[in-house]
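Colleague:
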Amino acid sequence: MTASVELLESTGSALRNALARQDWAMIGELDQQCRRAVEAAMAESPRDEEQLRQHLQTLLDLYRELVQVCQSEQQQLAGELVQLNKSHNGAKVYQLFS
């Protein structure tokens, strides 16, 4: 296994762990590292193309999962913001009549 493929594997593993903890700051940093690792792996002439392909597919699956989790979090936060705005507007109406 080449150094860039090992980096790709370790970065993907760290990204999966950060996703499990929902550590969004770490996910942002690891995303940049993953991008650099993919670029490095693609620039090298792979000794084992099948191994590289498998690691890239695993990373692609992880990013699909990451996008789904982000979309779910976004929807949850949007719902909370709507409720917060309704509460805020209700408080304004209450203050008008107090």
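Per the numbering used here, residue 569 is the first one in the sequence shown, and the count goes up by one each step. We put the beta carbon where it would ideally sit given N, CA and C, even for glycine.
Can you give the Cα-Cα distance for Asp-591 and Leu-634, rounded to whole angstroms?
Modeller: By 1-based counting over the sequence shown, the position of residue 591 is 23. By 1-based counting over the sequence shown, the position of residue 634 is 66. Taking the straight line from one Cα to the other gives about 12 Å.
Colleague: Do you know whose CA, among Arg-584, Leu-627 and Glu-618, lies nearest Ala-605's CA?
Modeller: For the purposes of this step, residue 605 is taken as residue 37 along the sequence shown, with counting starting at 1. Minimum Cα distance to Ala-605 is reached at Leu-627.
Colleague: What number of angstroms, rounded off, separates the C-alpha of Gly-658 from the C-alpha of Glu-597?
Modeller: The residue you call residue 658 lines up with position 90 of the sequence shown. The residue you call residue 597 lines up with position 29 of the sequence shown. Answer to the nearest angstrom: the Cα atoms are 40 Å apart.
Colleague: So, for His-623: in the same chain, excluding its five sequence neighbours on each side, which residues have a beta-carbon less than 8 Å away from its beta-carbon?
Modeller: Within the sequence shown, the letter at position 55 stands for residue 623. So the list reads Val-573, Leu-576, Glu-577, Gly-580 and Ala-609, once near-sequence residues are dropped.
Colleague: Exposed or buried, what is Ala-586 when buried is set at 16 or more other beta-carbons lying within 10 Å of its beta-carbon?
Modeller: The residue given as residue 586 occupies position 18 in the sequence shown. So Ala-586 counts as buried.
Colleague: Quick one, which of Ala-646, Gln-625, His-656 and Ala-582 has its alpha-carbon nearest Gln-601's?
Modeller: Within the sequence shown, the letter at position 33 stands for residue 601. The shortest C-alpha separation from Gln-601 is found at Ala-582.
Colleague: Could you tell me the alpha carbon to alpha carbon distance between Leu-630 and Thr-570, rounded to whole angstroms?
Modeller: Residue mapping note: residue 630 aligns to position 62 of the sequence shown, counting from 1. Residue mapping note: residue 570 aligns to position 2 of the sequence shown, counting from 1. So the alpha carbons of these two residues sit roughly 21 Å apart.
Colleague: Given that a residue counts as buried once 16 or more other Cβ atoms are within 10 Å of its Cβ, and exposed if not, what is Leu-620?
Modeller: As a first step, residue 620 is located in the sequence shown; it is residue number 52 there, counting from the start. Buried.
Colleague: Which residues in the same chain as Arg-615 place their Cβ atom closer than 7 Å to its Cβ, once the five residues preceding and following it in sequence are excluded?
Modeller: By one-based count along the sequence shown, residue 615 stands at place 47. Only Thr-570 meet the Cβ criterion.
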